[in-house]
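Each remark here refers to the structure printed beneath this line.
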Amino acid sequence: MNGNMKFAAAVVVGMLCAGFNASHAQTAQRVRGTITATKGDDITVKATNGRTVDVLVTDKTNIVFGQPMAITDIKPGDFLGVTSVRRKDGTLTAYDIRRFIKPSNPGHRPFDGRSDQTMTNANVSATVQGTSGRELTLNYEGGSQKVSVADTAAIVSLTPGQRSQLTTGSYVSLLADTGSSGKLEARNIEVRNGKEAPKPPR
4 MNGNMKFAAA
14 VVVGMLCAGF
24 NASHAQTAQR
34 VRGTITATKG
44 DDITVKATNG
54 RTVDVLVTDK
64 TNIVFGQPMA
74 ITDIKPGDFL
84 GVTSVRRKDG
94 TLTAYDIRRF
104 IKPSNPGHRP
114 FDGRSDQTMT
124 NANVSATVQG
134 TSGRELTLNY
144 EGGSQKVSVA
154 DTAAIVSLTP
164 GQRSQLTTGS
174 YVSLLADTGS
184 SGKLEARNIE
194 VRNGKEAPKP
204 PR
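In this note's numbering, each number is its position in the sequence shown, counted from 1, plus 3.
As C-alpha cells, then:
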C-alpha cells in the first residue's frame, strides 16, 4: 500500500471511530447491516435493528474494507478497535475486532450506549492462550482491559476500499447524513464480506 492510500485509509478510520463534530452529530445516522440490493449509486441495507434503509453512495463517500485476518496475526503494538460483551461476572468477551492503520480515539466506553457491550480502542500489549481461548491485553491512556476472544469473533484489518466491494450480501457499517434531496448520503462506509459480520455471543 503506498503512502497516499495509507493516509486516506487512516483519515477514514479516524472519522469512523471518532465521529463528527456537534453540527454533524445532530443529523448523522449510523447504519449497520447487510446490503440487500444495489442500483446505480444506491444501496439498500437491511439494518440490524430490522429497518430497511436506502443510502446514496457519492463521489465523496469514503470506503474502507475489512480484510479477514487470523487472531494469530494480531501482534503486540497493533492498534485495535474491539467490541465486546460484558458478562455478568464483569469479564469481557470480544466478538468483533478491527485492526487500524493508525491509532484513533483511544479509550474504553459503552458501545452504542449499551451497558452490556463495550468498545475498546487501544494498543495490544500482550496476547496469550488462556484456559478459555485467546486473550488480549489492551492498553490506552489511563487504563487497560483484558479481553477474551470468542471462537466466533469476526477479525478484520481495515484497508482502503472500493465501491465495487459494495455488493449484495456484504456487511456494512456506515455513517450518513440527509442530503438536499432528502435521501441519506453516505459519508463513510466500512464494508466486509457477509460472513465476517459481527455476531454478539449469547
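Here a beta-carbon is modelled for each residue, glycine too, at the ideal position from N, C-alpha and C.
Consult DSSP for F23 and reduce its assignment to one of helix, strand or coil. Here residue 23 is taken as the residue at index 20 of the sequence shown, counted from 1. Interpretation of F23 is limited by its pLDDT of 39, a score under 50 that renders its predicted location unreliable; the figure taken from the coordinates is listed afterwards. If DSSP states are grouped into helix, strand and coil, F23 belongs with coil.
Could you pull out every residue in the same chain whose Cβ sits closer than 8 Å to the Cβ of T30, ignoring the five residues on either side in sequence?
Locating residue 30 in the sequence shown gives position 27, counting from the first residue. Closer than 8 Å at Cβ, skipping near neighbours: D180, T181.
| said: Which residue marks the beginning of the beta strand (DSSP E) containing I100, and which one marks its end? | reply: Looking up residue 100 in the sequence shown gives position 97. First-last of the beta strand (DSSP E) with I100: 95 to 102.
Indicate the three-state DSSP secondary structure (helix, strand or coil) for K78 in the structure shown. The residue labelled residue 78 in the question sits at position 75 within the sequence shown. In the structure shown, K78 sits in coil (DSSP, three-state: anything other than H, G, I, E or B).
- Query: If L161 and G69 are in contact, beta carbons under 8 Å, what's the gap, nearest whole angstrom?
  - Reply: The count along the sequence shown starts at 1 and reaches residue 161 at position 158. The count along the sequence shown starts at 1 and reaches residue 69 at position 66. Right, the Cβ-Cβ distance comes to about 6 Å (below 8 Å), so this counts as a contact.
Closer than 6 Å by C-beta to R195: which residues in its own chain qualify, once you throw out the five before and the five after it? Chain order, please. What you label residue 195 is simply residue 192 of the sequence shown in a count that begins at 1. Excluding residues within five positions, the ones whose Cβ falls inside 6 Å are G69, V159, Y174.
**Prompt:** Grouping DSSP H, G and I as helix and E and B as strand, with all else coil, what is E199?
**Reply:** As a working note, residue 199 is residue 196 in the sequence shown. If DSSP states are grouped into helix, strand and coil, E199 belongs with the helices.
For my contact list, A200 and V150 are in at a C-beta cut-off of 8 Å; report their separation, rounded to the angstrom.
Residue mapping note: residue 200 aligns to position 197 of the sequence shown, counting from 1. Residue mapping note: residue 150 aligns to position 147 of the sequence shown, counting from 1. At roughly 20 Å, the Cβ-Cβ gap does not stay under 8 Å, so A200 and V150 are not in contact.
Next item on the list: Could you check if T123 is buried or exposed, using at least 16 other CB atoms within 10 Å of its CB as the buried criterion?
Entry: Within the sequence shown, the letter at position 120 stands for residue 123. Per the 10 Å Cβ criterion, buried.
Three Cβ pairs or more, each shorter than 8 Å: is that satisfied between the segment 161 to 170 and the segment 58 to 67? yes
For T55 and V127, I'd like the C-alpha separation in whole angstroms. In the sequence shown, residue 55 corresponds to position 52, counting from 1. In the sequence shown, residue 127 corresponds to position 124, counting from 1. About 37 Å.
Which of helix, strand or coil does DSSP assign to S147? Taking the first residue of the sequence shown as position 1, residue 147 is located at position 144. Strand, per DSSP.
Checklist entry - Which two residues bound the contiguous beta strand (DSSP E) that contains S176? => result Counted from its first residue, the sequence shown places residue 176 at position 173. Unbroken beta strand (DSSP E) run through S176: 174 to 181.
* To do: Determine the direct distance from the alpha carbon of V131 to that of E138, and round the result to whole angstroms.
  => Counting from one through the sequence shown, the residue named residue 138 turns up at place 135. Counting from one through the sequence shown, the residue named residue 131 turns up at place 128. Spanning the two alpha carbons is a distance of roughly 5 Å.
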